[in-house]
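S.K.: Per my numbering, residue 298 is the first one in the sequence shown, and the count goes up by one each step. Take this structure, written in structure tokens, and hold onto it; I'll ask about it next.
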Amino acid sequence: MSENCPEGRSKRQKIEDSSKHSIIVSNNQPNVAYEDSGIKLTTVVALPASENIDCVSLSTILSSENLIEMVQFNYMVELEFLMTNLPKSKQKIIPTTIVHGLSGESEKYLKDEAKLFKNVKLISPRLPIPYGTHHTKAMLLFYANSTMRLIIHTANAIRRDWANKTQGVYMSPFLLKKRNIASSSEFESDFMEYLESYGDKLNIIRNKVKEYDFSTIKAILIASIPGYHVNEKLELFGHMRLRNILNRVTVPLSCKLDSTIICQFSSIGSLGKDEKWLIEEFAESLKYAKNQNQCSEPDIKLVYPTVENVSNSLEGWAAGNSLPFDHKNYLNQKHYMQKYLHKWKAIEAGRDRAMPHIKTYSRMTMIPNSNNNNLESSAEIAWLLLTSSNLSKAAWGALQKKDKQLMIRSYELGILTFPELFQNDEYTSVMLNSTPQNLKPLLPSFNSPSKSTSSKKRNRPEEKNTLIIPIRLPYDLPLTPYNFKDGDECWTWNIPRTETDCLGLKKF
């Protein structure tokens with residue numbers, strides 16, 4: 298139908314409306330509105346509905362009858378499991394491209410599975426540097442109404458990853474086809490550069506993706522591509538990319554004097570015999586800000602499960618198979634890592650027994666709770682990165698040749714979000730953490746009597762309204778440090794556990 302006819306315009310208008318982030322004004326605070334960041338936790342099947350509020354499952358993501366094609370990027374893939382999350386009528390029809398990281402017997406099994414799905418094409422990308430992996434987790438979903446959605450997440454395409462683990466998902470708005478094919482946005486340029494790293498195998502996909510408008514995405518792409526990156530490409534990938542982008546981000550006033558950088562992950566690589574890479578290189582990148590010279594030095598904290606966390610989890614010791622920290626590496630690194638380590642604790646967050654496979658990196662300042670007892674139960678977030686990247690040189694890259702070269706082993710993908718991306722002429726934006734009990738948080742100032750009795754002052758024309766972007770953090774605040782004197786032990790996956798877990802099992 299022609300766009301010039303009224304029916305055509307009406308149809309496109311409906312699609313355009315669905316492609317935008319919606320701003321919802323608070324019922325209780327007329328000068329406060331909320332906007333969805335696109336970041337969700339995944340549903341944990343063993344938990345009650347009260348702890349799965351505003352969460353998504355794989356079947357929810359793939360359930361649309363309007364889905365006509367998909368591209369899956371992942372490390373591990375169980376093909377039958379993945380395809381059964383599509384509508385039954387679509388499972389052996391929808392053209393599906395799977396870019397995976399399997400090799401050896403696992404890849405052979407995947408190829409055997411694919412023989413049952415004539416609509417599936419498998420692609421195994423080249424990994425030029427030893428010990429690298431294709432670790433990216435993303436989806437491109439194409440729909441019958443000529444829209445596309447980009448999903449960036451943290452879960453392997455296997456049953457156990459979508460069952461009882463803590464995972465994160467970023468869901469873009471529905472992207473429209475461009476009116477002008479030559480137009481572009483920063484996000485599109487970055488994503489196209491990432492796709493180009495796969496070479497000719499993804500030419501058709503790249504050309505299809507070019508047709509869509511990414512300008513409605515309020516996030517920045519942070520990717521890792523295997524290789525030796527120099528000159529103008531030094532700051533395009535890995536932690537140098539994050540450093541480059543954070544150098545454009547203004548840390549909010551509340552975070553300038555007192556902030557914490559929290560790194561939360563599901564694996565730790567070989568980081569070296571001292572903290573040179575961890576603190577002087579990687580953490581240094583995370584400290585960057587546009588107003589860095591006005592900010593005090595942030596604390597660095599690492600969140601990773603203890604042995605007790607794993608033993609008491611929904612999966613027991615089996616959860617530890619997805620937390621692959623090598624015991625020998627821990628012994629070599631614990632003398633400098635221990636002071637930064639914090640337990641997995643997520644009671645308020647509703648994920649205490651669901652072990653993390655999610656990876657988040659963020660900078661925030663703690664907000665004292667309403668009881669004024671100095672316990673920080675919430676935070677204002679300066680920025681947050683949801684990514685496939687664990688704490689490793691392979692994922693983030695290591696500087697070489699007097700910091701003139703960045704060597705990255707693996708493919709990774711993540712999205713960075715921060716308040717400035719949501720700001721407009723009407724609203725000043727702020728990012729706050731939310732919980733299942735408090736999905737629409739407020740700044741403490743909005744709860745104070747002085748604020749509530751000064752509505753006239755708040756609504757002056759020259760004053761902007763406040764736009765709150767809630768982010769459901771996967772862990773509780775304040776963080777809980779390891780207590781090594783009381784027996785806390787960092788989880789490592791490759792030694793026996795002779796004590797029984799919560800399911801009555803031992804690990805040999």
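Using N, Cα and C, we set each Cβ at its ideal position, and we do this for glycine too.
When you compare the CB positions of residue 709 and residue 394, do they come within less than 8 Å of one another, or not?
M.R.: no
S.K.: Between which residues of its own chain and residue 377 is the CB-CB distance below 7 Å, once the five residues before and five after are set aside?
M.R.: 410
S.K.: Are the beta-carbon atoms of residue 707 and residue 523 separated by less than 8 Å?
M.R.: Yes, they are a contact pair.
S.K.: So the candidates are 451, 786, 640, 700; which of them puts its Cα closest to the Cα of residue 777?
M.R.: 640
S.K.: For residue 566, which residues of its own chain have a beta-carbon under 8 Å away from its beta-carbon, when the five flanking residues on both sides are left out?
M.R.: Closer than 8 Å at the Cβ level, and outside the excluded window around residue 566, lie 626, 687, 688, 689, 690, 691, 692.
S.K.: Indicate the three-state DSSP secondary structure (helix, strand or coil) for residue 329 in the structure shown.
M.R.: strand
S.K.: Rounded to the nearest angstrom, what separates residue 612 and residue 604 at their Cα positions?
M.R.: 13 Å
S.K.: Indicate whether the contact test is met: 3 or more Cβ pairs, each with one atom in the segment 788–797 and one in the segment 356–366, closer than 8 Å.
M.R.: no
S.K.: Is DSSP giving residue 709 helix, strand or coil here?
M.R.: In the structure shown, residue 709 sits in a strand (DSSP, three-state: E or B).
S.K.: Taking the alpha-carbon positions, what's the residue 616 to residue 579 distance?
M.R.: 27 Å
S.K.: Any idea if residue 387 is buried or exposed, counting beta-carbon neighbours within 10 angstroms, 16 or more meaning buried?
M.R.: buried
S.K.: Would you give the residue range spanned by the alpha helix (DSSP H) that residue 693 belongs to?
M.R.: 690–693
S.K.: For residue 350 and residue 733, I'd like the C-alpha separation in whole angstroms.
M.R.: 6 Å
S.K.: Within a Cβ cutoff of 7 Å, which residues of the same chain sit near residue 508, ignoring the five residues on either side of it in sequence?
M.R.: 474, 475, 478
S.K.: Is the separation between the beta-carbon of residue 451 and that of residue 652 shorter than 8 Å?
M.R.: The Cβ atoms of residue 451 and residue 652 do not sit closer than 8 Å to each other.
S.K.: Taking residue 805 as the reference, which of 343, 618, 735, 461 has the closest Cα?
M.R.: 618
S.K.: May I ask you to report which of helix, strand or coil DSSP gives residue 724?
M.R.: strand
S.K.: Could you check the C-alpha separation between residue 563 and residue 736 for me, to the nearest Å?
M.R.: 25 Å
S.K.: Residue 594: which of 606, 608, 576, 538 sits nearest, CA to CA?
M.R.: 576
S.K.: Look at the alpha carbon of residue 647 and the alpha carbon of residue 770, and state the distance between them as a whole number of angstroms.
M.R.: 10 Å
S.K.: Does the distance from the C-beta atom of residue 622 to that of residue 789 stay below 8 Å?
M.R.: Going by beta carbons, residue 622 and residue 789 fall inside the 8 Å limit.
S.K.: Could you tell me the distance, in whole angstroms, from the CA atom of residue 802 to the CA atom of residue 353?
M.R.: 30 Å
S.K.: If you compare alpha carbons, which of 331, 454, 403, 791 is closest to residue 358?
M.R.: The shortest C-alpha to C-alpha distance from residue 358 to any of 331, 454, 403, 791 is the one to 454.
S.K.: Looking at the strands, I want to know which residues DSSP matches up with residue 370.
M.R.: 396, 435
S.K.: Over what stretch of residues does the alpha helix (DSSP H) that includes residue 660 continue unbroken?
M.R.: Residue 660 -> not in any alpha helix (DSSP H); beta strand (DSSP E) instead, spanning 657–665.
S.K.: State the Cα-Cα distance for the pair residue 417 and residue 383, rounded to the nearest angstrom.
M.R.: Straight through space, the alpha carbons of residue 383 and residue 417 are spaced by roughly 13 Å.
S.K.: For residue 806 versus residue 740, is the C-beta spacing smaller than 8 Å?
M.R.: Here the chain covers residues 298 to 805 and nothing more, so residue 806 does not appear.
S.K.: For residue 654, which of 488, 338, 700 has the nearest alpha-carbon?
M.R.: For the residues 488, 338, 700, the minimum Cα distance to residue 654 belongs to 338.
S.K.: Comparing alpha-carbon positions, which option in 662, 609, 439, 568 lies nearest residue 592?
M.R.: 662
S.K.: What are the boundary residues of the alpha helix (DSSP H) that residue 633 is part of?
M.R.: 624–634
S.K.: For residue 541, which option in 445, 480, 530, 551 has the closest C-alpha, if you only look at C-alpha atoms?
M.R.: Of the listed residues, the one whose Cα sits closest to residue 541 is 530.
S.K.: Beta carbon of residue 373, beta carbon of residue 399: below 8 Å?
M.R.: yes
S.K.: In or out: residue 527 buried (at least 16 other Cβ within 10 Å) or exposed?
M.R.: exposed
S.K.: Please name the residue in 642, 319, 412 whose C-alpha comes closest to that of residue 674.
M.R.: Between residue 674 and the set 642, 319, 412, the nearest pair of CA atoms involves 642.
S.K.: Might you give, ordered along the chain, the residues of its own chain that have their beta carbon closer than 7 Å to the beta carbon of residue 657, omitting 5 neighbours on each side?
M.R.: Non-local C-beta neighbours of residue 657 in its own chain, meaning closer than 7 Å and more than five positions away in sequence, comprise 465, 561, 681, 682, 683, 771, ordered along the chain.
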